Amino acid sequence: MVQNKAFIFKKAFNGWLVAGQDLTVEDIGFDENAPPPEGGFTTKNLYAAYDPSQRGRMRDPTIQSYAQAMEIGKPVISVSVIGRVLKSDTTKIKEGALVRIVLLGTETYSRIPKSQLDSVLVLDPQDGIPITAYLGALGMTGMTAYGSLHEIGQPKKGNVILISAAAGAVGQTVGQIAVRQGLHVIGSVGSDKKLDFIINELGFASGFNYKKENMAEAVKRLAPDGLDIFYDNVGGELLDVALTSMKNFGRIIACGSISNYNGVGPPGNPAWRLAKYQQIGLRRIKWQGFLVIDPNITQWKQERDENISSWIKDGSFKSIDHITEGMDNAVDGFLGMLKGENLGKSILKIADF
Ligand SMILES: NC(=O)c1ccc[n+]([C@@H]2O[C@H](COP(=O)([O-])OP(=O)(O)OC[C@H]3O[C@@H](n4cnc5c(N)ncnc54)[C@H](OP(=O)(O)O)[C@@H]3O)[C@@H](O)[C@H]2O)c1
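Residue numbers (full-length UniProt numbering): 1 to 353.
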């Protein structure tokens, strides 16, 4: 047996998870002499994606949702992991290959059963494309951004778009696509460093730090004629502001509502967020939610793959990662993303490439 450090979910809990109590790093062991699973393979893992959706799976398993609850005492499920194949019992996956595996435990070594082969992508590293982009702009994050912006947002040159959590994984991708398409792109972010990043690195027209400036005043200042599109990653107060800032026939893309994920959303009157509901009718707003697995989103995959790959290669698109180094720091990296400490796509580096 060799050491197999893993990021472990210890307890279903509402509110902020506590490091060392609700989330830990433990050795779960790995038998390097054992054969691979029948028809499957084993990996040494290199990178694991962090995603806010992991928080939604850390819940009481009796609560139903689109994604299965995580098992207490087991490795935290990552949306996608990149690993190097150690032993294989299938001709489809060669030993030594680099693979991306969907919905795998955040652990150093893994055994991948035959039943999971369909979701495994053998990676063919290309010059100019960092391997971690397959967890970000060329992974689930990029699919989310590309598919929903086009399918629901219907962006047109000259449109004004506001993006919340704009310096995060989805936000940086939506923003850069919108800039390329000639939209007037405004970002809401939680720090001055992020504000500088979206404007000076990503080419947004403007933005504001929602922790420093009144949100309603900022949106009025930066979009005096209103918003054509609101890309909502956060929910909460900015959604309310956006509802009263939309132009007639505007589109709201309901991607996520991270301000509520840890049970610390806006307190008080439960009707608070519905207070501006009337605006939907008055302004004839199209407000649509989605999941990245929906067919109307994934139908954009080929176009996303081709465009974003070529944009990264020619240097006109930035796939910025926020890397947490080493499994020992896995808990801090995850909680840091939920607290907004990340710039770009949050990724745990487990081992050297
Ligand atoms: N519908 C889908 O299929 C789908 C797929 C992927 C992601 N999503 C959703 O998309 C959103 C963004 O995901 P991501 O992977 O790109 O994460 P991310 O933006 O890289 O990281 C989360 C960010 O949320 C912001 N945040 C946290 N708490 C906040 C609060 N109370 N108020 C305002 N902002 C807060 C932080 O940025 P600041 O410093 O700016 O606050 C933090 O950096 C999430 O809501 C996620 O659930 C949905």
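Backbone N, C-alpha and C define an ideal beta-carbon position, used for all residues, glycine too.
Quick caveat, the model's predicted, so the values are computed rather than measured.
One thing to note: A218 has its Cβ within 7 Å of the Cβ of F208.
Excluding sequence positions up to five before and after V170, its CB lies within less than 7 Å of the CB of T141, T144, A145, N233 and C255, all in the same chain and listed in chain order. With respect to T108, N45 sits close: the two C-beta atoms are nearer than 7 Å.
Bridge partners of W287 according to DSSP: I252. DSSP places K339 within a helical segment (H, G or I) once states are collapsed to three.
A contact is defined here as three or more CB-CB pairs under 8 Å, and the region 309 to 325 meets this definition with respect to the region 160 to 176.
Within the DSSP secondary-structure output, P155 pairs in no beta bridge. Judged by their CB atoms, M337 and Y50 are nearer to each other than the 7 Å cut-off. Check the Cα spacing between D27 and each of M1, L104 and F41: the tightest is with M1. In this structure, S259 has its beta carbon less than 6 Å from a heavy atom of ligand 1. The residues L243, T244, M246 and I285, in chain order, have a CB closer than 8 Å to that of Q279 in the same chain once the five nearest residues on each side in sequence are set aside. By a beta-carbon distance limit of 8 Å, I77 contacts L103. Their separation comes to about 6 Å. Residue environment for P52: buried (at least 16 other C-beta atoms within 10 angstroms of its C-beta).
Non-local C-beta neighbours of V179 in its own chain, meaning closer than 6 Å and more than five positions away in sequence, comprise V185 and G203, ordered along the chain. S316 has its Cβ no nearer than 6 Å to any heavy atom of ligand 1. Spatial neighbours of K114 in its own chain (CB-CB distance under 6 Å, excluding positions within 5 residues in sequence) are listed in chain order as G39 and G40. In this structure, DSSP gives D51 a state outside helix and strand, which the three-state scheme calls coil. Take the alpha-carbon of W300 and the one of L138: they are about 12 Å apart. Not one heavy atom of ligand 1 is found less than 6 Å from the C-beta of T298. Assigned with DSSP and collapsed to three states, E107 falls in strand. Counting the other CB atoms within 10 Å of its CB gives K211 a total below 16, which places it among the exposed residues.
Here F204 carries a coil assignment [DSSP, helix/strand/coil]. DSSP places K11 in the coil class of the three-state scheme, outside both helix and strand. The Cβ-Cβ distance between D225 and N159 does not fall below 7 Å. Remark: C-beta atoms of I347 and T132 approach each other more closely than 7 Å. Per DSSP, R59 lies in no beta strand (DSSP E) segment and is marked neither H nor E. In terms of CA proximity to G344, Q176 leads the group E237, L282 and Q176. Assignment of beta-bridge partners to L121 by DSSP yields R100.
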